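The C-terminal position of the sequence shown is numbered 364 in the working numbering, with every residue numbered one higher than the one before it.
Just so it is clear, CB atoms sit at the ideal spot from N, CA and C, and this is done for glycine as well.
Just so we're clear, the structure is a prediction, and the values are computed from it rather than from any experiment.
Worksheet: the structure to be examined is printed underneath.
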Amino acid sequence: KNRQLSHFSDFPNLPRLVFSTHIMGAVEGGHGMRPNVWTPAGGWFPDPKGWKGNLGKAYLGLFIVGGAIAYTSASLEHRPVKPAFSIPSMGWCKNFPKDA
Numbered sequence: 265k266n267r268q269l270s271h272f273s274d275f276p277n278l279p280r281l282v283f284s285t286h287i288m289g290a291v292e293g294g295h296g297m298r299p300n301v302w303t304p305a306g307g308w309f310p311d312p313k314g315w316k317g318n319l320g321k322a323y324l325g326l327f328i329v330g331g332a333i334a335y336t337s338a339s340l341e342h343r344p345v346k347p348a349f350s351i352p353s354m355g356w357c358k359n360f361p362k363d364a
């Protein structure tokens, strides 16, 4: 008999687990996207209220903290020997030797 194999029932000895949709990675039909999903990033469609204000506050905080770090770094910088060539921090740091 020459017939075409068209269904898994043609192989009765194979366990059904081999052809399970979960194992083979197939998507189960009929579910679609779930509308009420909570994630830290905002779910399916993240558009939180007040995001522009929050972003502005975050940038302002970064600017203030970065400015404080730069100010502290410039005030603590000390070079006992004058560099062989000009470096950018010579413009704002007061602890460079005047002459070599």
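For Ile328, the enclosing alpha helix (DSSP H) stretches over residues Trp315 to Leu340. Inter-segment contact for the stretch 350-360 and the stretch 330-341 is present: three or more beta-carbon pairs are separated by less than 8 Å. Across the structure, Ile351 and Ala334 are spaced so that their CA atoms are roughly 16 Å apart. Here DSSP, grouped into helix, strand and coil, assigns Pro352 to helix. Going by C-alpha positions, Gly331 is about 12 Å away from Tyr323. Met354 and Leu319 have their C-alpha atoms spaced approximately 34 Å apart.
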